[in-house]
Structures are given as C-alpha cells and as structure tokens.
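Inspection log for the structure reproduced underneath, given as structure tokens.
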Amino acid sequence: MDILEGLNPAQREAAETIEGPLLILAGPGSGKTRVITHRIAYLVKVVGVNPRRIMAVTFTNKAAREMRDRLQVLLAGSVEHLSLGTFHAICAGILRRDGQAMGLNPKYAIYDDEDQLNLIKRSLQDLGIDPKRYPPKTFQNAISSAKSQLITPEEYAQRSRSYFDEVVRRTYEQYQVLLAQSQALDFDDLLMKAYQLFANHPDVLSKYQSRYLHLLIDEFQDTNITQYALARQIAEKNRNICVVGDPDQSIYSWRNADLRNILNFEHDYPEAKVVYLEQNYRSTKTILEAAHEVVSVNKDRKENALWTDNEEGTPLRVVETFSESEEAQFVVSEVASLLDQGEAKPIDCAVMYRTNAQSRALEEAFVRYGMPYQVIGSVRFYSRREIKDVIAYLKLIYNPWDSVSLARIINVPPRGIGQKTIDELQQWTKGLGLPLYTGLQRLAEDKSCSPLSARSTQALIGFFTMIEELTRKSQEVNVVELLDAVLQSSDYKEYTLELPDGDDRWENILELRGIASEYKDLKLPEGLTLFLEGVSLFSDTDELDEKKDVATLITLHQAKGLEYPVVFIVGMEEGVLPHIRSFDDPAQMEEERRLCYVGMTRAKKRLYLVRALRRSLMGGTNANPASRFLKNIPSHLVQSTGLFGEEPKAAPAPKPDGPDLSAGDHVEHPKFGKGVVVSCTPTRDDQEVVVVFDGVGIKKLLLSLAQLKRVE
DNA sequence: GCCTCTGGATTTTTT
DNA sequence: ATCCAGAGGC
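Taking the working numbering, I'd label the letters of the first sequence as residues 310 to 1021.
Next comes the structure, spelled out in structure tokens:
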C-alpha cells in the first residue's frame, strides 16, 4: 500500500521531504491540505514517527478539526496524541501545563478583545488619561501590535519617540499590571508568554524541543513575528520544520501577520528546500486566469506559475445593479435560476463580501425569496451579551481573580450594586492592597469594616455569598449542572426574557448549554477548564455547517480555505472592495487586491462579480465607481450583463449648482487647490463631495457651496 | 440605584 | 442606521 498514491510529483515531494526545513509554496486549490495530511500520515505510517512527536499548527480551530478527521481516516486511530491546533490553542495548553515555572496560575483566564478593551479603559482611568482624547481602541491596537512583535513594555520605552508613544507605554505597563492582578492573559499574551517561558526556562523548552521531532505550520503567510519566533524555538533542536503558505493569499496584516516570515524563512534556514505546488485542481481556466490578472498587478509579489488542466468553463459574469437591495435580489434570483436549471444546489453557492454590514441586504433578499441560507459570523455567538454574561459567571467561579468577569456581572441582573458602589469598593480595596474579590470576602466576614452604606454592603455580600455557594457547588457537579445552578441562583432566565429579543437570547443560552453538555462527562475542574478554553478560542468559521443544503453568506476573510462551485462577490466598488481605508496606503491596497484574489479563487465553476451603483452607508447614499479590480480582468473572460432591475422611480434629486462629479474626477478648489474626488453622496437637495486635496488632505464639501471646478 | 432619553460617534477584516 | 455613553428624572 502506498500512502502517497494519487499525489502529483510536486505534492509527493512535499510529503516525502521530512528531513530538515521545508517551505511549501502552495497556490489556491493546489491540494495543500491533502499534502499536509498525507505528509503526516507518511511520517507516522511509513517513517514510524510516534504521533505525539508531531506538532501541526493551523490557522483556525475548524481547520484543525478537519485535519484531525481526515487523519483519523488515513491513520485509523492514534491521532489523539498528535498536537494539532492553532498557535493560540497550543500555547494555551503549554502555559496551562508548564506556565507555573514563570509564576503563572494554571487557572489563568483568557481575555478576548472585549475583555481586553475593558481592562484598557480601566488602565486609562488609573492613569488619568482622557479616553476622549485618546480612544481606547488605539491603545488596544498598539499593544497588540507590540505583543505580536515580542516588544515588552520596557522595550517599548526604549523605542518611544513621541509623546504619544510615551502615553502608550504607560498604558501598556498599567494594562499588564491589571492583567497580572486578574491572573489573565489576552490572546497575544498566549503567544508571547509561551515564547518567554521558553526563552527563560531552558528546561521547559528542552522538554518540548525533544518531544517534537516534526513541526508543521499551515497558512504561514498569516503568521506574526511572535509566532515565527515560537516556531523557531520549538524547531531549533531537530530543525524539521515544514511551513506551507502562499504570499498571494496573505490577508491578515491588520492582525499583525508579517510577510517577512516567509521571506526570512530561507534566510534563517539556508538549508531549506522549497517545493512549489502549482497545479490548481479547483477552478476553471477562465476563473484562474482572471484571478491571476487581478493579483499580478501587485508590485510586492513573486510571480508563480499556477496552472490548471480543468476546462475553460463559462465566462465570468460582471453585473451592475442600481442599489444594494437589487444587488441582493440579483444574487438570489440567479441562485434560483441555477437551481431551476439543475446547475447547482443551494449548498454549492456562496456569496462573499468585504464587510459584515453587507450581509444584511443579502439576508433580507434570501428571506424574502425563501431561499435557504446561513450567515457566517455576522454577530459572533460568543460575543453576544447574554452568552458573555453567563460565561463571565463561570469564569469568575473558576478564577475569582478575574476582575473583568467580576465587573461584568456584579450587577447583572441588577441587584442594587451601582457604579458608585463599585467605585467605592474599588477605592477601598485598592487602599488595602487587596483584589476586589478578597475585598468582598472581607466584607462578608465583617460587615462593620465596610466603608459603604448598609444597603450597598448587604447587596455586595449577597452577591459574594451567591458566588461562594456556586464555587462550592463547582467542586461536585459537571459543567452543565454548574451552568444550570448559575442561571438558577442569579435569576438570569427571568432577567433575559424581560430584555428586548428576550426569547432569542434565551435560545442562545440554551444553545450554550448544549455546547456545555459536550463536556459533562469530564471531571471538574478539568471539564470547566476545557469548556472555558474552547469557548475563548472558538472562532466563527467553526459554526459553518458544510452539510446543510443552504447557500453560504460569508466575508472574504472567512472564506479563505473554502471552495464553492458558484461564487458571488458583491460590492465590487471603489470604497467597498477595495475598502476606503486602504486608499492612502499602497501596502494595504495590495492586500485588498489579494483579498479579491482569495475570493475569486474560491470559485470552482462560476464566478459572479456584482456591484451596485448606489449603496446606502451610515444613513446616506453613496454612488461608488466600479472597483479598480474589475478593470484588470480581460474582457474576453467576461460576459457583462447590463443593469439588473428597474431604475428606481423616485424623482431624481434636483441638481445642485456645480459640475457633475463622480469619484475619480480631478477638481480644483480656490482655497485647497487641486484634488481628486473620493465620493459623491446625494443629500436632500445637494451633494456632499469628499475630495482628497494635494498636500491638504481629505475635505467634505457641499457641491452647491464649494466652488469646485473640474479639471483634466 | 435604575431607567430613559439624547447626542455623538461610528463601520474592516478575527485568533 | 445603529450603537454607546453620559445626563437627568424618578
């Protein structure tokens, strides 16, 4: 039996090269996943490597789960011992097991963005920084970016160049103090602390280095500096590190992914072998060529020789509609007609868009038509308020130091503990140098030491007693029973049902309960540990159901790694795709182009590129010109459809004085000089024009007032 | 302390 | 258009 049977020569080489560093450059649809799974199977079955000595890192949990499923088939068991997961999940495990060497509580909490932002706000408060002048989000980004490059607060201080840098440094420092007090790590910490653990504790590092004979990293183009450093640490001893990626599909620089990782790889591992997977098995020649034309405009890029044996296929369809609702209507009616002709089933169709907000119009049309669909991740399950509240209870029971969870639920449902009480409590515990929870404990032991009114004190003690009781219970019941106890003693059910959309919210909680029941056979606290870890690291693509016969609505980012016979990319407009925020940065513009490329290469048979002449945004309406990416697709690959739908009957707005402008036009203004029109938005009886003036910047002008002249 | 109202800001993508 | 924070009334 040959485990590598059916692989093409390049794929085979990639799977068989197991000694030393290996870089696999894998274009879209080139059978990358197949290569990875077969490589692991080859290592285990042919070379005889024990699965526990292999670590495979994926980009999402879903990818990890799929790979495990596939390996289960190839290997028939013994897959459990394989270390397989995202960097975050793998690091979470390492820190849970060995973090004590660096003084980390194994029951550390994991903070997501929202928790993180809450704690940053508190840091700003502690430092007396005005969140109006300095938006907390800015700090969140700065801190995350620092951690993704292994920059500690001390190092940040050394690099600090401006006053603003200094403010960031102080916030970063204080934020870390609060995290430590809460015995919590944020997402970036999971990676950075694991790195530091290895860097400062050679014994721990050596344990992992000896264990992992083979390290494999997928989606390498989307790793950040810290992840790369971690990989280097783990692979240092055996140097069997295999990375798989495609620079053209790098779309996560905003999450601090760094393309230098791929470029540095051959530098850091000069003995590395490089394998190119260039045969595409997914798309038609037409789709592949069009996608290539779009991405090859990028300057910062290495040319590749992606090709396919597949048929020419049908031409791309480029479709214009009047409005976003007609855009949605077109999509649904086209799906319906493909269904009628027996060309496709709903499950074969995906609609992709740049921003989640765009899913709404689509969803309406699908509902109206009665076309079955699923939306991926528009409102993330785990960021729903009710879910976060219930989880906060569990997190607090698990780790009473977790101040963010404590603050979240101390008065939810309302139990007479207002902001003032919380502030005073905080003041008091701070003075005593105690964590909040210990402060509550002290109150409960001796009411008379309370600095607060009897009423507030009683409310606090009531809350504390409830949590204590639940904590006691958590020793003897499973996760579901604990969750039920939380709902019971907090009256959360009654509270939720009172809220707007109460029934839906309650449904969500029941769904969470269902997820918890998957952990009910595990002993506590381990069951709770794993449940909370799973919940914290869960991602949205995880909820994608690939078996239900429904169409999929999904962002371009989330679509990475997926494929569909029929793909619609909507919002092919300047300002949407490419997104307006990328206009002033060529590197970001290149990323938008790659994003478009990723979307196009998801399609196997049919690809539709759709745009709306008018799109409502933030209340107003925008008229966006066609996406520049459309212009890069050779016309012989395209069948253009004229306008879809009827022109809206509404009387056209009276034309204001001034030239007839559209985005891209060059204009001149008496005061601001020359510039380029970014967008035109009709208002009630005028037009708002956004112009980028040379050397002046972006200005919003009213067409009737601004004396704009059109120039060539 | 809690609820409601208003004004202001805000929209990219997510482990 | 929608969400959020802060203010003010009960």
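Where a beta carbon is used, it is the ideal one built from N, C-alpha and C, also for glycine. Note that the structure is a prediction, hence the values are computed from the model and not measured.
Sorted by chain position, which residues of the same chain lie with C-beta nearer than 8 angstroms to Glu-899's C-beta, five sequence neighbours on each side aside?
-> Asn-607, Lys-608, Asp-609, Arg-610
DSSP state of Ala-600 mapped onto helix, strand, coil | helix
Spatially closest choice to Arg-751 from Lys-430, Thr-738, Ser-762, by CA coordinates = Thr-738
Could you tell me which uninterrupted alpha helix (DSSP H) segments, each at least 4 residues in length, are contained entirely in the stretch 460–496, listed from first to last along the chain?
-> 462–468, 472–490
Could you check the C-alpha separation between Val-513 and Pro-874 for me, to the nearest Å?
-> 48 angstroms
By a C-beta neighbour count over all protein chains shown, 10 Å radius and 16 as the cutoff for buried, is Ala-951 buried or exposed?
-> A small correction: the amino acid at residue 951 is Gly; Ala does not occupy that position in the sequence shown. Flag for Gly-951 reads exposed.
Residues near Ala-959 by beta carbon distance below 7 angstroms, same chain, minus five either side = At Ala-959 the pLDDT is 41, less than 50, meaning the model places this residue with poor confidence and gives no usable figure here.
Helix, strand or coil: which one does DSSP assign to Asp-994?
-> Unreliable positioning characterises Asp-994 in this predicted model, as indicated by a pLDDT of 43, which lies under 50. The coordinate reading is nonetheless provided below. It is coil, neither helix nor strand.
Secondary structure at Gln-458, three-state DSSP: helix, strand or coil?
-> coil
Under the rule that 16 or more other beta-carbon atoms within 10 Å means buried, what is Trp-563, buried or exposed?
-> exposed
Is the distance from the Cβ of Glu-598 to the Cβ of Leu-946 below 8 angstroms?
-> yes
Collapsed DSSP secondary structure at Met-775 in the structure displayed = helix
Between Gln-650 and Ala-674, is the Cβ-Cβ spacing less than 8 angstroms?
-> no
Beta-carbon separation (whole angstroms), Gln-683 vs Lys-857, contact threshold 8 angstroms = 7 angstroms
Consult DSSP for Met-661 and reduce its assignment to one of helix, strand or coil.
-> strand
In its own chain, which residues sit with a C-beta less than 6 angstroms from the C-beta of Leu-846, not counting the 5 before and 5 after it?
-> His-397, Ala-398
Could you pull out every residue in the same chain whose Cβ sits closer than 7 angstroms to the Cβ of Gln-667, ignoring the five residues on either side in sequence?
-> Val-879, Gly-880
Between the beta-carbon of Leu-586 and the beta-carbon of Gly-340, is there less than 8 angstroms?
-> yes
Extent of the continuous alpha helix (DSSP H) to which Leu-391 belongs | That residue, Leu-391, is in no alpha helix (DSSP H); it is neither H nor E in DSSP.
Look at the alpha carbon of Leu-380 and the alpha carbon of Glu-328, and state the distance between them as a whole number of angstroms.
-> 21 angstroms
Ser-949 - partner residues in DSSP beta bridges = Val-627
Report the three-state DSSP secondary structure of Ser-925 (helix, strand or coil).
-> strand
For Arg-1045, the first and last residue of its enclosing beta strand (DSSP E) = Residue 1045 is absent from the structure shown; the chain starts at 310 and stops at 1021.
Indicate whether the contact test is met: 3 or more Cβ pairs, each with one atom in the stretch 312–323 and one in the stretch 338–352, closer than 8 angstroms.
-> yes
Between the C-alpha atoms of Gly-408 and Glu-423, what's the straight-line distance to the nearest angstrom?
-> 24 angstroms
Can at least three beta-carbon pairs, one atom from the stretch 498–516 and one from the stretch 526–544, be found at a separation below 8 angstroms?
-> yes
Okay, do the stretch 618–637 and the stretch 909–924 touch, 3+ Cβ pairs below 8 angstroms being the bar?
-> yes
Look at the alpha carbon of Cys-905 and the alpha carbon of Lys-869, and state the distance between them as a whole number of angstroms.
-> 11 angstroms
Starting from Ala-581, follow the beta strand (DSSP E) in both directions and report where the run begins and ends.
-> Unbroken run through Ala-581: none, as it is neither H nor E.
For Leu-941 versus Val-603, is the C-beta spacing smaller than 8 angstroms?
-> Note on identity: in this sequence residue 941 is Asn, with Leu being the wrong assignment. Contact: yes.
Is the number of C-beta pairs between the stretch 570–582 and the stretch 462–473 that are closer than 8 angstroms three or more?
-> no
So Ile-333 is in the beta strand (DSSP E); what residue range does that whole segment cover?
-> 331–335
Cα-Cα, which of Asn-509, Asp-527, Glu-475, Ser-453 is closest to Asp-495?
-> Ser-453
Helix or strand or just coil, what does DSSP make of Arg-915?
-> strand
Three-pair Cβ contact test at 8 angstroms for the stretch 792–807 versus the stretch 817–825 = yes
Which residues mark the beginning and the end of the beta strand (DSSP E) in which Lys-1025 is found?
-> This structure gives no information on residue 1025, because the portion of the chain shown stretches from 310 to 1021.
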